[in-house]
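Step one of this worksheet: look at the structure below.
Number of protein chains: 2
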Amino acid sequence: MVLVSNNDSATSHAIADDLKDRILEGKYKPGMRLIQDELAIEFKASRSPIREALRMLEADGLVTIKTHSGAWITELDFAEFEELYQIRERVEPLMLRLSIPHLTTKLIKELEATLEKLNEATTVQQFLKLDREFHLLTYEGAATSYLGEIVQRMWNTTQPYRRRYSQILEREHFTSAHLEHTLLMKAIKRADLDDAERILYGHIRRTRLELQDQAE
Amino acid sequence: MVLVSNNDSATSHAIADDLKDRILEGKYKPGMRLIQDELAIEFKASRSPIREALRMLEADGLVTIKTHSGAWITELDFAEFEELYQIRERVEPLMLRLSIPHLTTKLIKELEATLEKLNEATTVQQFLKLDREFHLLTYEGAATSYLGEIVQRMWNTTQPYRRRYSQILEREHFTSAHLEHTLLMKAIKRADLDDAERILYGHIRRTRLELQDQAE
DNA sequence: TTAGGTCTGATTGCATCCAATCACAAGAAA
DNA sequence: TTTCTTGTGATTGGATGCAATCAGACCTAA
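Protein sequences appear in the order of chains A and B. When we follow the numbering used here, the leftmost residue of the first sequence carries the number 41, and every step to the right adds one. When we follow the numbering used here, the leftmost residue of the second sequence carries the number 41, and every step to the right adds one.
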């Protein structure tokens, strides 16, 4: 289960990947409109592949298309953001459970290295990037077809908001996250499925509640 | 949250809806190939809207597209079917929890009527149709944007397989389902969120395990 | 001033044509 | 016989032009 890159030769896929990066990096902000002609000119292609790319991004939840009207970068209100976190609480522990038994020693080494870098992160930028990397890596052992898609999609759509809201988080949050990540790592290493599930559930839940508190 | 019909004027949407019905009704069987030209002729349209419709169905998980190769009705192996049931076990109880507090008395009346018909169903066909109707109705109170999509998508993709596998289920299964549905209805009426979640979780889980037993 | 209607430019949706790619069959070599 | 190569038809991907639709400005009437 590769939750990272996606190499498909067709230009529509290439365009979709490129746009996806821009959205995840925050270059394209939620609510921004995308105009087919402009994109076509920029990518030196016709509107056909652009349209297909937009449909793919729509499937990823990154873009919202309204018939005869246009395409916008998906915009979440806080309720939707919260909803996605609630789904994550339920779904990611399952994916972790399915993954742990198939994690190779190589992957575990990689996980530990990422965790170390994560603990040393100083900027919010770094923290977000490494946090994402760490969690998605823990799922790499799951040979799932649908679960992986769902999880990836949720990480993608919430990405711009994690960036936005994490600015308001207290220092306290990062130390809690640090402790939970360490506990999670230990549970993974001794292949304790129930414990790992529980820690992850609590980790996501606590983050949601903290964001909830800060946001009002 | 309307999990039933979808009225969008654009022809690509109309085509997508039509194809969707055919797949869910079992006219188009998993593994069957879809050829753009043939569909274009049948729908008296060009290939552009057909292509868009296929992309939409891909997003719904009903169709699988391979670049430069073609489109097929999505085919699940048993492992994927099981995976989807595991996700349902985690996700649908959450949706039920979010729904119950907002169920109107009108909806509850409708639910009871559906349950009554469901208990009187004699053929497998009827059972499947009413079972789907009953469960999706219990979620109708949830004002969710993503959860609803996910749940609906899982019901859609597993539909052909529910039909296939339910043929091999014992009479025993239907009486268990009956009892669980009745318990669920009671929990819903007294708005007992925890109990409702637990019953639904067990209901989906038991079905999965029974199918697992029968299938090997 | 404000509400409603109409017009117009911008943009999307669809049709058609051509190019790129693939799958499969037929043939050649071992 | 088996395996590899090559070529050809079928099918998908992309480009271009036109029609349909929408949003916003402008005008008119109350």
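All residues carry an ideal CB built from backbone N, CA and C; glycine is no exception.
For residue i, return the contacting residues in chain A, with the cut-off set at a CB-CB distance below 9 Å.
| i | result |
| --- | --- |
| B:V103 | Chain A residues near B:V103: none, gap ~11 Å exceeds 9 Å. |
Kindly list the residues whose CB is nearer than 7 Å to the CB of residue i, restricted to its own chain and excluding five residues on each side of it in sequence; keep chain order.
| i | result |
| --- | --- |
| B:V164 | S206 and Q207 |
| B:S216 | R246 |
| A:L59 | A93 and L97 |
| B:D48 | Because the pLDDT of B:D48 is 48, which lies under 50, any placement of that residue in the model is unreliable, and the number read from its coordinates should be weighed accordingly. Result list for B:D48: empty, nothing under 7 Å. |
| B:L209 | E250 and Q254 |
| B:R211 | none |
| A:I106 | Here residue 106 of chain A turns out to be Lys, not Ile, going by the sequence shown. If we look at A:K106 and ignore the five residues flanking it on each side, it has no Cβ neighbours. |
| A:G101 | T114, R193, N196 and T197 |
Work out the CA separation of residue j and residue i for me, nearest whole Å.
| i | j | result |
| --- | --- | --- |
| B:D276 | A:V191 | The structure shown has nothing for residue 276 of chain B, since chain B only spans 41 to 256. |
| A:A236 | A:R130 | 13 Å |
| A:M72 | A:W112 | 5 Å |
| A:T65 | A:L158 | For clarity, residue 65 of chain A is Glu in the given sequence; the question names Thr instead. Going from the Cα of A:E65 to the Cα of A:L158 covers about 18 Å. |
| A:Q252 | B:L143 | 25 Å |
| A:F214 | B:P200 | 46 Å |
| B:E132 | A:K229 | 31 Å |
| A:A227 | A:L233 | 7 Å |
| B:M135 | A:K84 | 44 Å |
| A:K149 | A:G188 | 22 Å |
| A:I55 | B:R238 | 45 Å |
| A:E120 | B:R193 | 18 Å |
| A:R259 | B:E78 | In the structure displayed, chain A extends from 41 to 256; residue 259 of chain A sits before or after that span and is not available. |
| A:S86 | B:T184 | 36 Å |
| B:Y68 | A:A161 | 52 Å |
| A:R248 | A:I127 | 11 Å |
| B:D61 | B:P141 | 31 Å |
| B:T104 | B:T198 | 14 Å |
| B:L176 | B:T51 | 27 Å |
| B:R137 | A:L240 | 21 Å |
| A:H108 | A:R204 | 31 Å |
| A:S88 | A:I63 | 21 Å |
Which residues of chain A have a Cβ atom closer than 8 Å to the Cβ of residue i, listed in chain order?
| i | result |
| --- | --- |
| B:V131 | I127, R130 and V131 |
| B:S185 | E120 and E123 |
| B:I190 | I127 and I190 |
| B:L74 | Chain A residues near B:L74: none, gap ~16 Å exceeds 8 Å. |
| B:L240 | Result: empty, since nearest Cβ-Cβ is about 13 Å, beyond 8 Å. |
| B:L136 | Ordered by position in chain A, no residue passes the 8 Å Cβ test against B:L136, which lies about 12 Å from the chain. |
Tell me the DSSP secondary structure of residue i in three-state form.
| i | result |
| --- | --- |
| B:A80 | helix |
| A:L177 | helix |
| A:L74 | strand |
| B:L209 | coil |
| A:L223 | helix |
| B:K67 | coil |
| A:S185 | coil |
| A:L233 | helix |
| A:A161 | coil |
| A:A54 | helix |
| A:L143 | coil |
| B:A85 | coil |
| B:E92 | helix |
| B:R246 | helix |
| A:L251 | helix |
| B:N47 | Reliability fails at B:N47, whose pLDDT of 40 lies under 50, so the model's placement of it is uncertain and the value that follows must be treated cautiously. Reduced to three states, the DSSP call for B:N47 is coil. |
Which chain B residues sit within Cβ distance under 8 Å of residue i?
| i | result |
| --- | --- |
| A:R95 | E92, R95, M96 and A99 |
Which residues of chain B have a Cβ atom closer than 9 Å to the Cβ of residue i, listed in chain order?
| i | result |
| --- | --- |
| A:L223 | In chain order: nothing, as chain B lies at least about 22 Å away. |
| A:R233 | In the sequence as presented, Arg is not what sits at residue 233 of chain A; that position holds Leu. Here the premise fails: no neighbours, minimum Cβ distance about 13 Å. |
| A:L155 | Simply none; closest approach about 26 Å. |
| A:L251 | Correct list: empty, because the minimum Cβ distance to chain B is about 17 Å. |
Beta-carbon within less than 8 Å of residue i's beta-carbon, same chain only, minus the 5 sequence neighbours each way: which residues are those?
| i | result |
| --- | --- |
| B:F174 | L151, T154, L155, L158 and H221 |
| A:R202 | L168 |
| A:G110 | R73, L74 and I75 |
| B:M225 | L151, E152 and L155 |
| B:A99 | none |
Going by beta carbon distance, what residues of the same chain come within less than 6 Å of residue i, once the five residues before and after it are set aside?
| i | result |
| --- | --- |
| A:S139 | Y179, G181 and A182 |
| A:E115 | P70 and G71 |
| B:H243 | E220 |
| B:I90 | Q76, L79 and A80 |
| A:E123 | none |
| B:H53 | none |
Unbroken stretches of the beta strand (DSSP E), 3 residues or longer, contained in the region 94 to 139 of chain A
Runs of the beta strand (DSSP E) inside the region 94 to 139 of chain A: 103 to 106 and 110 to 113.
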